[in-house]
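Take a look at the structure set out below.
Protein chains: 2
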Amino acid sequence: MLTPAQCERVEIVLVSPRNPLNIGAAARAMANFGFQHLSIVAPFATNWMEAKSAVGAPDLLRDARVYETLAEAVADCTLVLGTGSLDRRRPVQSIFDLPKAGEQIRSILKEPGAPGLASETWAQGKRQPRIALVFGSEKHGLTSDDLSWCHALIVIETCEAQPSMNLGQAVAVCLYEISRTPATPEPPSLEPARQPDSAQLDRLAELIEQTMEAVNYTTRGMRSANGAALRILLRRLMPKEADLRRIMGLFRRILWQLAHSSPPPKDQTVL
Amino acid sequence: MLTPAQCERVEIVLVSPRNPLNIGAAARAMANFGFQHLSIVAPFATNWMEAKSAVGAPDLLRDARVYETLAEAVADCTLVLGTGSLDRRRPVQSIFDLPKAGEQIRSILKEPGAPGLASETWAQGKRQPRIALVFGSEKHGLTSDDLSWCHALIVIETCEAQPSMNLGQAVAVCLYEISRTPATPEPPSLEPARQPDSAQLDRLAELIEQTMEAVNYTTRGMRSANGAALRILLRRLMPKEADLRRIMGLFRRILWQLAHSSPPPKDQTVL
Numbered sequence: 002m003l004t005p006a007q008c009e010r011v012e013i014v015l016v017s018p019r020n021p022l023n024i025g026a027a028a029r030a031m032a033n034f035g036f037q038h039l040s041i042v043a044p045f046a047t048n049w050m051e052a053k054s055a056v057g058a059p060d061l062l063r064d065a066r067v068y069e070t071l072a073e074a075v076a077d078c079t080l081v082l083g084t085g086s087l088d089r090r091r092p093v094q095s096i097f098d099l100p101k102a103g104e105q106i107r108s109i110l111k112e113p114g115a116p117g118l119a120s121e122t123w124a125q126g127k128r129q130p131r132i133a134l135v136f137g138s139e140k141h142g143l144t145s146d147d148l149s150w151c152h153a154l155i156v157i158e159t160c161e162a163q164p165s166m167n168l169g170q171a172v173a174v175c176l177y178e179i180s181r182t183p184a185t186p187e188p189p190s191l192e193p194a195r196q197p198d199s200a201q202l203d204r205l206a207e208l209i210e211q212t213m214e215a216v217n218y219t220t221r222g223m224r225s226a227n228g229a230a231l232r233i234l235l236r237r238l239m240p241k242e243a244d245l246r247r248i249m250g251l252f253r254r255i256l257w258q259l260a261h262s263s264p265p266p267k268d269q270t271v272l
Numbered sequence: 002m003l004t005p006a007q008c009e010r011v012e013i014v015l016v017s018p019r020n021p022l023n024i025g026a027a028a029r030a031m032a033n034f035g036f037q038h039l040s041i042v043a044p045f046a047t048n049w050m051e052a053k054s055a056v057g058a059p060d061l062l063r064d065a066r067v068y069e070t071l072a073e074a075v076a077d078c079t080l081v082l083g084t085g086s087l088d089r090r091r092p093v094q095s096i097f098d099l100p101k102a103g104e105q106i107r108s109i110l111k112e113p114g115a116p117g118l119a120s121e122t123w124a125q126g127k128r129q130p131r132i133a134l135v136f137g138s139e140k141h142g143l144t145s146d147d148l149s150w151c152h153a154l155i156v157i158e159t160c161e162a163q164p165s166m167n168l169g170q171a172v173a174v175c176l177y178e179i180s181r182t183p184a185t186p187e188p189p190s191l192e193p194a195r196q197p198d199s200a201q202l203d204r205l206a207e208l209i210e211q212t213m214e215a216v217n218y219t220t221r222g223m224r225s226a227n228g229a230a231l232r233i234l235l236r237r238l239m240p241k242e243a244d245l246r247r248i249m250g251l252f253r254r255i256l257w258q259l260a261h262s263s264p265p266p267k268d269q270t271v272l
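Going down the list, the sequences are from chains A and B. First residue of the first sequence: 2, per the numbering used here; consecutive thereafter. First residue of the second sequence: 2, per the numbering used here; consecutive thereafter.
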C-alpha cells in the first residue's frame, strides 16, 4: 500500500463518464486503495448528479472537482497517463503495460522532496506537482485529442476477443497495480511459532507405527523403510503442535480400542 | 497473459452472489482476461436468471455451472483459494497477499505436462486438475464454513477505512494479477507433484470420521464442528495423491480390524 501522502499526489480523472454506477464503482475502488482526488471532465449532468447523490457514495465522490475540459483537469499535473486498450489504436505516445507503469509510478511516488499536501490545502487549490491517471468514457475510451494531453498511454493487457474493460474495473485494476507491494523473491515465511519439534514428530511416528503393527498394516521386515517414509511424510506435511495433539489423541484412542477388543482371525489380507 | 490452455485450468466460483450486475461484471472481467469457467454456488434464483439473460452477457455466463454447495463446485479442484479481506476475520488457513498468490498460481500454471483440456471436454465433465478461485457474496464474503474447503485465503490489501471491495472489481483485480506478465523474474515455484482434488480429500475425511466414530473418539453432537476442523486440517497439510492413498489404506485397515474384533467394554474414557 502507498502512504496517504503518496496517494495525495495521484489524481484520478474520468472523461465524460456515462453510467452513474461506473462512477460510483470508480470512487469505491479509490476508497479501497486509499486515493482521494477525483476529477470529472464534462460529465453528463443528470448521470453525474445521480452518481454523486447515491446512497453510500464515498466522500471523495462528493468532493470531486468537475471540469469542462481535460486540459483544465490536468493543468497542474506533471505526469499525465492515459489508460486504454490497443484495439485499432496506434497512439503516438509511449505505451507502457500496466505492470511496468505501476513500477514506475511507485518509484516516482517514493522520491523524497515532493511530499503530498494535506487534503485541506488541495481543496484550496494549492496543489503539489502530481500524477494524473485518465480514463475515457465507457463508449469509446480516450480520443486522440484526449491522448494529446497525456505523456504516455497505460495499457491493460486483455484478450483480443474482449479487450474493453468496464470503467470501474479498469480503475480498480490500475489502482491495485499502483498501490501493490511488489512481491519479494523469498517464499512465504512459515510460521515459526507452534511448529512441533523433531522429537514430537517422532513420537507421532512411533504411535502411527504401533497402530500399523496392531492392525497388521505392515510386516516387521518392512518397518525400517516405512519408518523413514513416515518421517519424511510428517515433516513434509508440517503439522502444527495443536494438530499433533489431535492426531496423537486419535491414534492413542485407536490403539486403546484395539487393545480392548478381542483379536481378529489371523492371516487376513490387507484391504 | 496466460495461454488459453492455462486459463482452462482456472475456475472462478461465486458463492451466493446477489447482484445481477456484479455477476455480469465478474463474467466480463473473466472474458477480458481470457478465463472461461464460471461456477455459481447457491445463487438467488431470480437474480441469477436476470444476470444470465442480460443483454450482452458473455457466453461464459450462459455456460456457467450451478451447484448447490461449494463442496460440489470445487470437487475436482486440486488447489482451492478463497478471497477476502481481513477485517475482523482471523482465518485458520494460510494467508497470501494477492501479488504473492499471483506469483505462485502463475508458476503452477506454467508446469508442463498438465495441459488444460478443450472447453468441449470440460463441458462433458472430464476435467483436468485445476485451481479454483472462490469469491463470497457481496453481503458478508466467504463464511468460515466456505473457507474450510479452501487451502488458503488470498487477501487484497486495501485501506482500513474501506476494506471491502465490490465483487466485480475484486474478480477483475485477482484475474489481472494472475494473468499479469511479471515485471521481474519469477522465483522458484511450489512443488508440482500431484495434488489430490477436493473430493479425494473429502473421502479421506469421511474415512477418518468413520474411524473416530468406531473408536468413540468424538460424540455425535460434536461431529459437524469436527468435520469442518478436519477439512481445514487436511487442506492445510496439503498431502499429495500418493500420501492420500497410503493414509487411506491405513485407515481402511484400521476400520477393517475394528469391525472384525469384538466390541470393547462400553463407557471407557478417552485417553
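Just so it is clear, CB atoms sit at the ideal spot from N, CA and C, and this is done for glycine as well. Remember, predicted model here, so these are calculated numbers, not experimental data.
Distance between beta carbons of residue j and residue i, contact taken as under 8 Å
i	j	result
A/Val-16	A/Gly-137	5 Å
B/Ser-165	B/Leu-3	That pair is no contact at about 28 Å.
B/Gln-94	B/Leu-154	5 Å
B/Leu-71	B/Cys-175	Not really, about 17 Å apart at Cβ, beyond 8 Å.
B/Leu-205	B/Ile-13	With 8 Å as the limit, B/Leu-205 and B/Ile-13 do not qualify as a contact, their Cβ atoms being about 26 Å apart.
A/Gln-170	B/Gly-169	6 Å
B/Leu-61	B/Gln-37	5 Å
A/Met-213	B/Leu-251	6 Å
Residue i to residue j span [Cα, whole Å]
i	j	result
B/Leu-50	B/Val-42	Just to set this straight, residue 50 of chain B is Met in the shown sequence, not Leu. Distance between the alpha carbons of B/Met-50 and B/Val-42: 14 Å.
B/Arg-19	B/Glu-139	7 Å
B/Gln-7	B/Ile-132	10 Å
B/Leu-245	B/Ile-106	23 Å
B/Thr-79	A/Ile-157	29 Å
B/Met-239	B/Ala-58	37 Å
A/Ala-229	B/Trp-257	25 Å
B/His-261	B/Lys-111	49 Å
B/Ala-76	B/Asp-147	13 Å
B/Arg-63	B/Pro-5	19 Å
A/Gly-202	A/Leu-235	Here residue 202 of chain A is Leu; the residue named in the question, Gly, does not match the sequence. Cα to Cα, the separation comes out at about 7 Å.
A/Val-11	B/Pro-197	46 Å
A/Tyr-177	A/Phe-34	7 Å
A/Pro-92	B/Leu-87	41 Å
A/Glu-104	B/Lys-53	38 Å
A/Leu-39	B/Ala-28	27 Å
B/His-152	A/Ile-24	36 Å
B/Ala-74	B/Thr-47	20 Å
A/Ala-173	A/Thr-84	12 Å
A/Ser-108	A/Arg-253	58 Å
B/Ser-263	B/Asn-217	15 Å
A/Glu-192	B/Ala-30	With a pLDDT of 37 at A/Glu-192, under the threshold of 50, the modelled position of that residue is not reliable, and the figure given next carries that caveat. One C-alpha to the other measures close to 34 Å.
B/Ile-96	A/Ile-96	35 Å
A/Ala-215	B/Glu-161	55 Å
B/Thr-182	A/Leu-208	48 Å
A/Lys-241	B/Met-249	21 Å
Residue i: first and last residue of the uninterrupted beta strand (DSSP E) it sits in
i	result
B/Thr-47	No beta strand (DSSP E) contains B/Thr-47, which is instead part of the alpha helix (DSSP H) from 46-53.
A/Tyr-68	66-68
B/Gly-57	Careful: B/Gly-57 lies outside any beta strand (DSSP E) and carries neither H nor E.
A/Arg-253	First-last for A/Arg-253: 242-260, but that is the alpha helix (DSSP H), not the beta strand (DSSP E).
B/Val-1	Residue numbering for chain B in the displayed model covers 2 to 272; residue 1 of chain B lies beyond these limits and cannot be assessed.
B/Asp-98	95-98
Sheet register partners of residue i (DSSP bridge)
i	result
A/Thr-84	A/Ile-155
B/Cys-78	B/Arg-131
A/Ala-42	Contrary to the premise, residue 42 of chain A reads as Val rather than Ala in this sequence. A/Val-16 and A/Tyr-68.
A/Phe-34	Per DSSP, none; premise fails for A/Phe-34.
A/Gly-142	A/Ser-138
Residue interval of the alpha helix (DSSP H) (run including residue i)
i	result
B/Met-1	Beyond the ends of chain B as shown, which are 2 and 272, falls residue 1 of chain B; an answer cannot be given.
B/Cys-160	Taken as a continuous stretch (DSSP letters only), B/Cys-160 belongs to no alpha helix (DSSP H), as it is neither H nor E.
B/Ser-180	168-180
B/Pro-5	5-8
Heavy atom of the ligand GTP within 7 Å of residue i beta-carbon
i	result
B/Phe-36	No copy of the ligand GTP occurs in the structure displayed, which carries no ligand at all.
Taking Cβ-Cβ distances below 9 Å as the criterion, which residues of the stretch 237-263 of chain B are in contact with chain A? Arg-237, Leu-238, Met-239, Pro-240, Lys-241, Asp-244, Arg-247, Ile-248, Gly-250, Leu-251, Arg-253, Arg-254, Ile-255, Leu-256, Trp-257, Gln-258, Leu-259, Ala-260, His-261, Ser-262 and Ser-263
Which residues of the stretch 24-38 of chain A have a Cβ closer than 7 Å to any Cβ of chain B? Give them in chain order. Ala-26, Arg-29, Ala-30, Ala-32, Asn-33, Phe-34 and Gly-35
Output, in sequence order along the chain, the residues in the stretch 63-82 of chain B whose CB is closer than 8 Å to any CB in chain A. With the criterion set as a beta carbon lying under 8 Å from some beta carbon of chain A, the stretch 63-82 of chain B has no members that meet it.
Listed from N- to C-terminal order along the chain, which residues in the stretch 137-158 of chain B have their beta-carbon within a distance smaller than 9 Å of any beta-carbon of chain A? Of all residues in the stretch 137-158 of chain B, only Ile-157 and Glu-158 come within less than 9 Å of chain A when Cβ atoms are compared, listed by chain position.
Note down, in chain order, all residues in the stretch 97-113 of chain B with a beta-carbon under 8 Å from any beta-carbon belonging to chain A. Phe-97, Asp-98, Leu-99, Pro-100, Lys-101, Gly-103 and Glu-104
Taking any Cβ of chain B, which residues in the stretch 201-219 of chain A have a Cβ under 8 Å from it, in chain order? Ile-209, Thr-212, Met-213, Ala-215, Val-216, Asn-217 and Tyr-218
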